[in-house]
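Here is the structure we will look at, set down as structure tokens.
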Amino acid sequence: MSVELQVLTWSVVLGFVHIIASSHAASLQRGYRWTASARDEPLPPLQGVAGRLERALKNYLETFPLFVALVLAAQSAGVHSRLTEWGSILYLGARLAYLPLYAMGIPLIRSLVWNIAAVGMLLFVMALLRA
3 MSVELQVLTW
13 SVVLGFVHII
23 ASSHAASLQR
33 GYRWTASARD
43 EPLPPLQGVA
53 GRLERALKNY
63 LETFPLFVAL
73 VLAAQSAGVH
83 SRLTEWGSIL
93 YLGARLAYLP
103 LYAMGIPLIR
113 SLVWNIAAVG
123 MLLFVMALLR
133 A
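Numbered according to this note's numbering, the sequence shown terminates at residue 133, and the numbering increases by one at each position without gaps.
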């Protein structure tokens with residue numbers, strides 16, 4: 003299996019970590035009866051760590067489909083290079099760092115780390131446009 007597909011697989015695992023962390027934090031704040039309910043009634047936004055984990059998950063879900071598309075486009079086009087390898091490693095490494103930074107409420111470094119993940123995706127774009 004290519005480095006890019008391995009990183010994609012680990013990125014799916016990271017997605018599950020995001021979902022589980024966000025869900026448990028919300029349950030701790032709102033109670034497990036709320037978690038098991040139909041959640042029909044509107045509630046105020048989550049606060050503190052629970053709110054940050056929810057926003058981190060939303061952010062992950064915004065970038066992950068783009069990363070998937072880039073990895074699959076490179077694989078189907080037979081594009082495999084240092085750019086795609088480094089792109090995938092930068093994406094996953096930065097997204098791994100992003101979650102705890104967001105959960106701890108560290109703003110500027112978190113934004114820099116997000117940009118590193120974006121650079122990883124741009125490396126894929128460069129590799130695909132060169133092919």
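All C-beta atoms in this analysis are idealised placements derived from N, C-alpha and C, irrespective of residue type, glycine included. Please read these numbers as outputs of a predicted model, since none were measured by experiment.
Is the stretch 115 to 126 close to the stretch 81 to 90, with three or more CB pairs under 8 Å?
-> yes
Could you check what DSSP says for A75 in three-state terms: helix, strand or coil?
-> helix
Which of helix, strand or coil DSSP assigns to E43 | coil
Quick one: give me the first and last residue of the alpha helix (DSSP H) that H26 is part of.
-> V5 to R32
Pull up the distance between the alpha-carbon of Y1 and that of L55, whole angstroms please.
-> Nothing in the structure corresponds to residue 1, since the chain is present only between 3 and 133.
What do you get for F18, buried or exposed, if any count of 16 or more other CB atoms within 10 angstroms of its CB means buried?
-> exposed
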